[in-house]
Each structure stands twice: as C-alpha cells, then as structure tokens.
Amino acid sequence: MADEVVQRLEALGHRLPTPPRPLGAYRAVVEAGEMLHVSMQGPLLDGRFAFTGLLGREVSIDDGRRAAELSVLNALAQIHEHLGRFERIRQIVRLEGHVACTEDFLQHPQVLDGASELLAAAFGQRAGHVRSVCGVRNLPGNVPVAVTLTAELFPPEF
Numbered sequence: 000m001a002d003e004v005v006q007r008l009e010a011l012g013h014r015l016p017t018p019p020r021p022l023g024a025y026r027a028v029v030e031a032g033e034m035l036h037v038s039m040q041g042p043l044l045d046g047r048f049a050f051t052g053l054l055g056r057e058v059s060i061d062d063g064r065r066a067a068e069l070s071v072l073n074a075l076a077q078i079h080e081h082l083g084r085f086e087r088i089r090q091i092v093r094l095e096g097h098v099a100c101t102e103d104f105l106q107h108p109q110v111l112d113g114a115s116e117l118l119a120a121a122f123g124q125r126a127g128h129v130r131s132v133c134g135v136r137n138l139p140g141n142v143p144v145a146v147t148l149t150a151e152l153f154p155p156e157f
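Under numbering that gives the first Met the number 0, think of the first position of the sequence shown as 0, with each following residue one higher.
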C-alpha cells in the first residue's frame, strides 16, 4: 500500500531524507504508549548542515523557513524509520521550535511556519498541532532552527 503522506510530500517536491543519527547518548525516537516523541532535529541533509548562522544576521526569514521545513522533514524521516509508515499517526500533537537568532529578532513564528505548513500539507486534518517557539543564543552545529515533534498513534494492530 502506498503511503499517502509520502505521496503528498513527493507531490510537493520533497523526499524523506536519511534520518540523522543522534549526536549524543539518546534515542532519536521513543514510543511511549500511544505517544511518539522525536528528539530535536535540525536542518541536516546528506550528513551536512544545510543552513548555519543566526536569524537576524546571517540567515534570512525565507532561509529560516526552509531550515524549519528541512528540520521537520528530518523528524518525519525519524518517524518513518521507526514506524515503517505514517498510517499509524492519529494526530500530530505538538511541534516545538528553537530559533537561533540575534537579540532583537522577533519573527520566530514566521520562521516556524515553514515546519507547520509542511505538516499541514502532508497530514491534512491530522496535522492540527499546538506549538511553541523560542529564540535561543545558539544551537548545536550552529544551525538556525531545530524542532521536536510529538504525535499520537493508533494502536499497533491498526
């Protein structure tokens, strides 16, 4: 059976990247009951940081949005590797974003919209999520954006 989410992503010109390996002593994905938690993911592509720097200095809002989009694609790649398919996702519950930025940068929501809009396009009704976003001084690898994702699952026999 073809995975509808993968098809929607491909129709938008996206492919799921190879899921990045954890950068430390933790797991990329943990399934706890009917909840799936994905560790923080950044804009890595083919093992390299696709974007680096701070929003408000080296990184434009448009590039920040693309970094958020790539970060959430990496989170989806982690989910796909863990579950094997997206059909078990009942609901994207929470998206948390961290934006590395200058002290006076205030467009955090617009940057994280890159991730939220991609989730909406890929999951439709199942993408309605709460989210939080904050500005931070820096992120690992000097990436401008990183996200974490939480999803509710249908039971395994679904």
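All residues carry an ideal CB built from backbone N, CA and C; glycine is no exception.
So residue i packs on residue j, CB below 8 angstroms; how close in whole Å?
i    : j    : result
V146 : A114 : 6 angstroms
F50  : R65  : 7 angstroms
Please tell me whether residue i and residue j are closer than 8 angstroms, where the distance is taken between their beta carbons.
i    : j    : result
V37  : A121 : no
E68  : L152 : no
G134 : H107 : yes
T149 : V98  : no
G41  : V142 : yes
E30  : H81  : yes
V144 : S70  : yes
R89  : R47  : no
Identify, in the order they occur along the chain, each residue of the same chain with its Cβ nearer than 7 angstroms to the Cβ of residue i, setting aside the five sequence neighbours on each side.
i    : result
H79  : L15, F85
D112 : R64
R7   : A120, A121
DSSP has residue i in a bridge; who is on the other side?
i    : result
L22  : Answer is none; L22 lacks a bridge partner.
L148 : V37, L94
F48  : L43
V58  : L54
I88  : L152
E30  : L35
For residue i, which three-state DSSP category applies?
i    : result
G41  : coil
R130 : strand
A99  : strand
M0   : Caution is warranted here: a pLDDT of 43 is assigned to M0, below 50, making its placement in the model unreliable, and the coordinate value is therefore given only provisionally. Note: M0 maps to coil in three-state DSSP.
V110 : helix
V5   : helix
By Cβ distance, which residues of its chain are closer than 8 angstroms to residue i, with the 5 residues on each side in sequence left out?
i    : result
T101 : L53, L54, G55, R56
I60  : L54, Q106, Q109, V110
R136 : A99
F104 : L53, L54, G55, V98, G134
R87  : L152, F153, P155, F157
N73  : P16, P18, P19, Q40, G41, P42, L43
Ignore the nearest five residues each way along the sequence and tell me which others in residue i's own chain have a CB closer than 6 angstroms to its CB.
i   : result
E95 : S131, T147
A76 : L15, P16, P18
D2  : R84, F85
Just to confirm, does residue i get its C-beta within under 7 angstroms of one of the non-hydrogen atoms of the ligand COA?
i   : result
G46 : The ligand COA is not part of this structure, which contains no ligands at all.
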